[in-house]
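Shown next, in the form of structure tokens:
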């Protein structure tokens with residue numbers, strides 16, 4: 028009689044445990060639970076299965092959590108020689124063979140004006156002539172300009188000019204290189220990578236280095252790898268530029284039934300969802316639901332403004348199905364944004380297996396107790 032009662036109770040216990048699988052201990056939510064919450068009216072979330080048809084739509088939405096940057100300056104040809112800039116220092120010397128020269132003392136053939144700083148307006152003062160503009164000229168062209176102005180004073184006079192670069196004719200390597208400092212521009216054909224090499228190259232301690240170029244009030248940013256791979260991006264520096272090489276501080280969060288739960292830093296300029304899943308060690312074979320890899324992202328309120336292409340809600344959940352070809356290819360082309368959360372949801376089968384294991388353990392205990400009687 029007792030055996031028959033136990034057999035009758037078995038399916039009842041199984042059904043009750045399976046029905047209560049959602050309350051069993053697990054490390055992440057089920058995809059169905061999150062989907063149910065998202066599709067409910069007034070939930071404040073938008074739920075999008077990632078497919079080939081969705082990708083162009085998402086690509087048109089605004090990027091989120093991007094670092095401040097004006098893009099990257101275009102490559103333009105530069106002067107082969109030095110160009111004088113305000114703040115540079117020039118040493119000027121006159122040579123005149125005339126007996127009654129106004130420029131030299133009696134019995135002398137040369138006169139040294141000493142070292143002068145080019146004024147903010149780009150000029151230097153020359154005796155008997157006045158101010159002469161030399162900014163933007165090569166040292167040879169500046170010498171000719173001063174000598175031309177002296178023709179009316181002394182037709183036989185010749186000018187010797189020496190240039191020492193100032194702040195606007197140098198580039199500052201601020202950090203991230205082995206030898207930071209201010210480096211004068213030998214000519215106007217010095218590129219960003221060449222400037223970095225003057226500073227001894229990038230420190231090996233930096234993770235996925237990013238090059239930031241500060242030019243006036245504009246800040247430009249690009250990964251060092253991108254500059255290596257695309258020579259067209261190795262733009263020329265201009266006087267007064269500041270170069271900062273820093274670690275890539277962009278990251279996403281990995282949670283749930285993944286290979287690891289951690290804050291994961293970007294390792295390249297652009298990161299796809301499939302690459303992000305690989306970076307976290309994939310998903311746990313016995314726990315994760317390959318049909319329910321979720322990417323959680325929060326858009327700014329401005330993305331929902333009228334006339335803009337954007338999501339339905341500021342809080343968006345992208346669902347990736349790794350069991351279909353479309354899901355895999357789409358995950359390869361969905362870009363991960365800084366601050367995204369990649370969540371590997373729990374498999375319902377895993378919860379069922381846990382429930383069955385509990386049932387098996389329970390019946391084992393009952394049988395053991397019965398045998399002891």
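In the numbering used here, the protein residues as written are 28 to 400. C-beta atoms are modelled at their ideal positions from N, C-alpha and C, and glycine is treated no differently.
Exercise for review: Since I believe residue 343 is in contact with residue 328 (beta carbons under 8 angstroms), could you give me their beta-carbon distance rounded to a whole number of angstroms?
Suggested key: Working through the chain shown from its first residue, we reach residue 328 at position 301. Working through the chain shown from its first residue, we reach residue 343 at position 316. Their Cβ separation, rounded to whole angstroms, is 13 angstroms, which puts residue 328 and residue 343 out of contact at 8 angstroms.
Review point. From residue 143 to residue 214, what distance separates their C-alpha atoms?
Key: Indexing the chain shown from 1 puts residue 143 at position 116. Indexing the chain shown from 1 puts residue 214 at position 187. Cα to Cα, residue 143 sits roughly 21 angstroms from residue 214.
Exercise for review: Could you check what DSSP says for residue 325 in three-state terms: helix, strand or coil?
Suggested key: Within the chain shown, numbered from 1, the residue matching residue 325 stands at position 298. Strand, per DSSP.
Review point. Alpha helix (DSSP H) containing residue 76: first to last residue?
Key: Here residue 76 corresponds to residue number 49 of the chain shown, with the count starting at 1. Here residue 76 belongs to no alpha helix (DSSP H); instead the beta strand (DSSP E) covers 72-76.
Point to revise | Identity of the residues DSSP links to residue 245 by a beta bridge | key: Start at 1 with the first residue of the chain shown, and residue 245 comes out as number 218. Paired residue(s): 242.
**Study point:** Whole-angstrom distance between residue 278 and residue 86, CA atom to CA atom
**Key:** Indexing the chain shown from 1 puts residue 86 at position 59. Indexing the chain shown from 1 puts residue 278 at position 251. Those two C-alpha atoms are separated by around 20 angstroms.
Point to revise | Sequence-distant residues of the same chain with beta carbon closer than 7 angstroms to residue 300, five excluded per side | key: Translated into positions along the chain shown, residue 300 becomes position 273. Here the set comprises 322, 347, 358, 361 and 363.
Review point. Can you pull the DSSP bridge partners for residue 252?
Key: In the chain shown, counting from the first residue as 1, residue 252 sits at position 225. DSSP, once it has assigned bridges, lists no residue as partnering residue 252.
Check your understanding: How do the segment 199-214 and the segment 225-244 stand: do at least 3 beta-carbon pairs fall below 8 angstroms, yes or no?
Key -> yes
Review point. Between 372, 296 and 340, which lies nearest to residue 274 when the distance is taken from Cα to Cα?
Key: Within the chain shown, numbered from 1, the residue matching residue 274 stands at position 247. Checking every option, the nearest Cα to that of residue 274 belongs to 296.
Exercise for review: Using only alpha-carbon positions, find the residue among 258, 123, 61 and 365 that is nearest to residue 180.
Suggested key: Taking the first residue of the chain shown as position 1, residue 180 is located at position 153. The shortest C-alpha separation from residue 180 is found at 123.
Review point. Would DSSP call residue 174 helix, strand or coil?
Key: In the chain shown, residue 174 corresponds to position 147, counting from 1. The three-state secondary structure of residue 174, taken from DSSP, is helix.
Practice item. With DSSP as the reference, label residue 61 as helix, strand or coil. Key: Mapped onto the chain shown, residue 61 falls at position 34. Helix at residue 61.
Review point. Can you name the residues that DSSP bridges to residue 320?
Key: To locate residue 320, count along the chain shown from 1; it is residue 293. Bridge partners of residue 320: 347 and 371.
Practice item. Report yes if the C-beta distance between residue 219 and residue 264 is below 9 angstroms; otherwise report no. Key: As a working mapping, residue 219 is identified with position 192 in the chain shown. As a working mapping, residue 264 is identified with position 237 in the chain shown. In this structure, residue 264 lies closer than 9 angstroms to residue 219 by Cβ.
Point to revise | Supposed close pair residue 72, residue 340 - CB separation, criterion 8 angstroms | key: By 1-based counting over the chain shown, the position of residue 72 is 45. By 1-based counting over the chain shown, the position of residue 340 is 313. Contact holds; Cβ gap of about 6 angstroms.
**Study point:** contact_flag[the segment 167-184, the segment 244-252] where n(CB pairs < 8 angstroms) is 3 or more
**Key:** no
Exercise for review: Let me know if residue 94 comes out buried or exposed under the rule of 16 or more other beta-carbons within 10 Å of its beta-carbon.
Suggested key: Sequence index remark: in the chain shown, residue 94 carries index 67 (1-based). Per the 10 Å Cβ criterion, exposed.
**Study point:** Spatial neighbours of residue 177 in its chain, beta-carbon cut-off 6 angstroms, leaving aside the 5 residues before and after
**Key:** For this step, residue 177 is matched to residue 150 along the chain shown. So the list reads 184, once near-sequence residues are dropped.
Check your understanding: Any idea what DSSP makes of residue 230, helix, strand or coil?
Key -> One-based indexing of the chain shown puts residue 230 at position 203. The three-state reading of DSSP puts residue 230 in coil, since its state is none of H, G, I, E or B.
**Study point:** Sequence-distant residues of the same chain with beta carbon closer than 8 angstroms to residue 253, five excluded per side
**Key:** For the purposes of this step, residue 253 is identified with residue 226 of the chain shown, where counting begins at 1. The residues are 260 and 296.
Check your understanding: What is the residue span of the beta strand (DSSP E) that residue 4 lies within?
Key -> The shown model of the chain, from 28 to 400, leaves out residue 4, and the question about it has no answer.
Exercise for review: Can you say whether residue 58 is buried or exposed, counting buried as having 16 or more other CB atoms within 10 angstroms of its CB?
Suggested key: In the chain shown, the residue the question calls residue 58 occupies position 31. By the neighbour-count rule (16 or more Cβ atoms within 10 Å), residue 58 is buried.
Review point. Pick from 198, 302 and 141: whose alpha carbon is nearest that of residue 17?
Key: Because the chain is modelled from 28 through 400, residue 17 falls outside the range shown and cannot be assessed.
**Study point:** Separation of residue 166 from residue 191, as counted between CA atoms
**Key:** As a working note, residue 191 is residue 164 in the chain shown. As a working note, residue 166 is residue 139 in the chain shown. Cα to Cα, residue 191 sits roughly 10 angstroms from residue 166.
**Study point:** Limits of the beta strand (DSSP E) - the one that residue 203 falls within
**Key:** For this step, residue 203 is matched to residue 176 along the chain shown. Note, residue 203: premise wrong, no beta strand (DSSP E); not H, not E.
Point to revise | residue 222 versus residue 236 - alpha carbon distance | key: Here residue 222 refers to the residue found at position 195 when the chain shown is read from its first residue. Here residue 236 refers to the residue found at position 209 when the chain shown is read from its first residue. Taking the straight line from one Cα to the other gives about 15 angstroms.
Exercise for review: Run the CB neighbour count on residue 316, radius 10 Å, all protein chains shown included, and call it buried at 16 or more, exposed below.
Suggested key: What you label residue 316 is simply residue 289 of the chain shown in a count that begins at 1. Buried.
Review point. By Cβ distance, which residues of its chain are closer than 8 angstroms to residue 212, with the 5 residues on each side in sequence left out?
Key: Counting from one through the chain shown, the residue named residue 212 turns up at place 185. Same-chain partners within the cutoff: 109, 192, 196, 197, 198, 264 and 266.
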